[in-house]
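Data block below; observations after.
Residue numbers (UniProt numbering): 1 to 352.
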């Protein structure tokens, strides 16, 4: 309705002031284009003082998303869908519950003109006027965390207000997320950004590099053919992203949701090789370090030295206690459980 109509908000203001405000009229404006809603509605001078409520409709939580499957698919299969499609209702509606995971992903992502092959164009060219710049930023962030200056260097733009605006719009649209390492405090300017939209992560890994094959091949099992060697390791990284995105749900499962002050990855500016995927700083003076493992078996006690090394390198604030959490599909082995090394365990049953 608003496309190409630059005076629409001003017209609405006129009608509100002259015809509607004394007639008990409530106007609800909805829009999927975050940049328009923020700039033209929420921050509009014409509507200043007239907006009484803002609601950001976020993607569904894992437990909410699980309801789409009506107990017809396993939790392991549902988790795979969520790591690729996220909690976007429209994407979940496209899943045929009478078909397997591989059948659905082939149908949605690896057939010519399938629903998600061309979705990226719809997303960016409908959301943003300068789609090319936004796509450049997304391409930088598709594989790793990067700081503001690192992004500026990689796309060849100055680190001024223009880039800040682009990043804000991408974050408003929930395509990317910015993180502050817990030890730097809320006032630090040192943030790192990461691509957090599940579909886009999957698209850049498997769909974009194979677009020519997808558009030309009559093969109905391209997903298996194109991902056979790399999909299992990739799912490990996808599970880490999933846990980071759903950090607050996981904290509730561990029993300290109301105490979370910061939930983020931990990274050092001086040493990029040392990183912890998820760490919580809590109001009860506890740091909870999370070890995330996507493994089809229980986790054995051989994991302890890996976690202990991370603990030894982590700068612990004075007066804080450190706790360790293991987030995995099937939890600890009996041997690991008997060591009492970890304070918390989260499994797929706690997630879905």
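Idealized CB from N, CA, C, for every residue including glycine. Note that the structure is predicted; figures quoted are calculated from it, not measured.
Backbone secondary structure at residue i - three-state DSSP
| i | result |
| --- | --- |
| residue 276 | strand |
| residue 72 | coil |
| residue 248 | helix |
| residue 193 | strand |
| residue 243 | helix |
| residue 151 | helix |
| residue 65 | helix |
| residue 291 | strand |
| residue 41 | helix |
| residue 332 | strand |
| residue 140 | helix |
| residue 146 | strand |
| residue 110 | coil |
| residue 22 | coil |
| residue 28 | coil |
| residue 354 | Only positions 1 to 352 of the chain appear in this structure, which leaves residue 354 out of reach. |
| residue 134 | helix |
| residue 164 | helix |
| residue 219 | coil |
| residue 156 | coil |
| residue 171 | helix |
| residue 340 | coil |
| residue 255 | coil |
| residue 126 | helix |
| residue 208 | helix |
| residue 58 | coil |
| residue 230 | coil |
| residue 96 | coil |
| residue 85 | helix |
Residue i classed as buried or exposed, judged by whether at least 16 other C-beta atoms fall within 10 angstroms
| i | result |
| --- | --- |
| residue 281 | buried |
| residue 48 | exposed |
| residue 287 | buried |
| residue 316 | exposed |
| residue 169 | buried |
| residue 53 | exposed |
| residue 27 | exposed |
| residue 70 | exposed |
| residue 220 | exposed |
| residue 165 | exposed |
| residue 360 | The displayed coordinates of the chain run from 1 to 352. Any statement about residue 360 would go beyond what the structure contains. |
| residue 332 | buried |
| residue 297 | exposed |
| residue 111 | buried |
| residue 86 | buried |
| residue 335 | exposed |
CA-to-CA distance, residue j to residue i, given in whole angstroms
| i | j | result |
| --- | --- | --- |
| residue 356 | residue 263 | Here the chain covers residues 1 to 352 and nothing more, so residue 356 does not appear. |
| residue 240 | residue 329 | 12 Å |
| residue 321 | residue 256 | 14 Å |
| residue 105 | residue 299 | 29 Å |
| residue 67 | residue 18 | 46 Å |
| residue 267 | residue 310 | 11 Å |
| residue 167 | residue 236 | 27 Å |
| residue 63 | residue 295 | 21 Å |
| residue 78 | residue 93 | 13 Å |
| residue 37 | residue 31 | 6 Å |
| residue 244 | residue 278 | 6 Å |
| residue 129 | residue 162 | 14 Å |
| residue 101 | residue 139 | 27 Å |
| residue 325 | residue 289 | 6 Å |
| residue 172 | residue 95 | 27 Å |
| residue 150 | residue 191 | 11 Å |
| residue 285 | residue 226 | 47 Å |
| residue 157 | residue 133 | 10 Å |
| residue 124 | residue 131 | 6 Å |
| residue 146 | residue 55 | 29 Å |
| residue 350 | residue 65 | 14 Å |
| residue 116 | residue 327 | 30 Å |
Endpoints, beta strand (DSSP E) assigned at residue i
| i | result |
| --- | --- |
| residue 261 | 260-267 |
| residue 15 | It is not in any beta strand (DSSP E) - residue 15 instead sits in the alpha helix (DSSP H) that spans 8-15. |
The alpha helix (DSSP H) enclosing residue i, as first and last residue numbers
| i | result |
| --- | --- |
| residue 327 | Here residue 327 belongs to no alpha helix (DSSP H); instead the beta strand (DSSP E) covers 321-328. |
| residue 312 | 304-313 |
| residue 201 | 198-202 |
| residue 177 | Careful: residue 177 lies outside any alpha helix (DSSP H), inside the beta strand (DSSP E) at 176-179. |
| residue 375 | Beyond the ends of the chain as shown, which are 1 and 352, falls residue 375; an answer cannot be given. |
| residue 386 | Missing from the structure shown is residue 386; the chain here goes from 1 to 352 and no further. |
| residue 211 | 211-216 |
Strand pairing of residue i, partner residues [DSSP]
| i | result |
| --- | --- |
| residue 282 | 260 |
| residue 360 | There is no way to answer for residue 360, as the model of the chain reaches only from 1 to 352. |
| residue 345 | 326 |
Heavy atom of the ligand HEM within 7 Å of residue i beta-carbon
| i | result |
| --- | --- |
| residue 47 | Among the components modelled here there is no ligand, and therefore nothing to report on the ligand HEM. |
Min CB distance residue i to chain C below 8 Å
| i | result |
| --- | --- |
| residue 304 | Given the protein chain composition of this structure (a single chain), no chain C is represented. |
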